[in-house]
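Notes follow once the structure below has been shown.
Numbering (our numbering), first residue to last: 4 to 251.
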């Protein structure tokens, strides 16, 4: 039986510094509890505008957060994606990449709550993907705000898990719904026992946390088969879909 499809897109904020593109995520096995099956699923990502296309996405975001207030960037992405959501009629979920520091801002949290209230009335859902290399100086505030957002129906994910600084403290706080495995961890997962062991450990961690696992950067059917066997719930990458520019 073919894996159930959960379409997703990468939405990159339209501003001077970045562009938008569409991507897709698929469920490797049909969700047994309906998680994701009722939604089209879009992911909000920041990518360099063409004038900065020589930078890698990671280097660009690092520089962006160094040169521009974190909260300003995340609020802009949130507002633009929210405005786009208003024009969508089908049930969908949007994942928005944010810096953990933004979750300590009551202004940001209030904007997310307002967006979520409007989205739920339209049969839509919001997921915040915390960029893993970002750290917060106010963990207590971050955890409390994340719990309030989850109670309101917002999902919390850790992006690029395993790529830089693992946020085990956030995992231990019980606020994580999704773990996204960085593409660098699964490049040879079908043949490399070390990569298999890492993926297996992340899946086991996710199971213990009650969190589902998404693998990023999947390019071959062999990777898909291995990831499915290891218990990974979702995958995204060129094997399924190449990014397409969106006008948003």
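Where is the CB? At the ideal position from N, CA and C, for every residue including glycine. Being a predicted model, the structure only gives us computed values, none of them experimental.
Report task. Can you tell me the Cβ-Cβ gap for residue 212 and residue 179, rounded? I've got them flagged as a contact below 8 Å. Result -> That belief holds up - the Cβ atoms of residue 212 and residue 179 are roughly 6 Å apart, short of 8 Å.
**Report entry** C-alpha gap between residue 121 and residue 103, whole angstroms
**Finding:** Approximately 23 Å, taken between the alpha carbons.
**Report entry** Cα-Cα separation, residue 185 to residue 86
**Finding:** Going from the Cα of residue 185 to the Cα of residue 86 covers about 29 Å.
Query raised in the report: Using a Cβ-Cβ cut-off of 7 Å (strictly less than) and excluding sequence neighbours within five positions of residue 73, which residues of its own chain qualify?
Result: Counting only Cβ-Cβ distances below 7 Å, and skipping sequence neighbours, we find 102, 104, 105.
Query - Spatial distance of residue 196 from residue 206 (CA atoms) - result: Rounded to the nearest whole angstrom, the CA to CA distance from residue 196 to residue 206 is 15 Å.
Query raised in the report: Is residue 174 helix, strand or coil when you go by DSSP?
Result: In the structure shown, residue 174 falls within a helical segment according to DSSP collapsed to helix, strand and coil.
Query raised in the report: Below 7 Å between beta carbons: does that hold for residue 161 and residue 131?
Result: Result no, Cβ atoms of residue 161 and residue 131 do not sit closer than 7 Å.
Query - Pairwise C-alpha distance: residue 89 and residue 76 - result: So the alpha carbons of these two residues sit roughly 20 Å apart.
Query raised in the report: In three-state DSSP terms, what is residue 4?
Result: Annotation note: pLDDT 30 at residue 4 (below 50); position unreliable, no value reported.
Report task. Whole angstroms is fine: what's the gap from residue 91's alpha carbon to residue 82's? Result -> In this structure, the alpha-carbon of residue 91 lies about 15 Å from that of residue 82.
Report task. For residue 216, collect the residues of the same chain with a Cβ closer than 7 Å to its Cβ; drop the 5 residues on either side in sequence, then sort them by chain order. Result -> Excluding sequence neighbours, residue 216 sits near 182, 184, 205, 206, 209, 235, 236.
Query raised in the report: Do you know whose CA, among 226, 233, 171, 228, lies nearest residue 200's CA?
Result: Nearest of 226, 233, 171, 228 to residue 200, Cα basis: 233.
**Report entry** Under 7 Å between C-beta atoms of residue 222 and residue 240
**Finding:** Their beta carbons are under 7 Å apart, which means residue 222 touches residue 240 by this criterion.
**Report entry** Residue interval of the alpha helix (DSSP H) (run including residue 219)
**Finding:** Run containing residue 219: none; DSSP gives neither H nor E here.
Query raised in the report: CA-CA distance, residue 28 and residue 229?
Result: Going from the Cα of residue 28 to the Cα of residue 229 covers about 17 Å.
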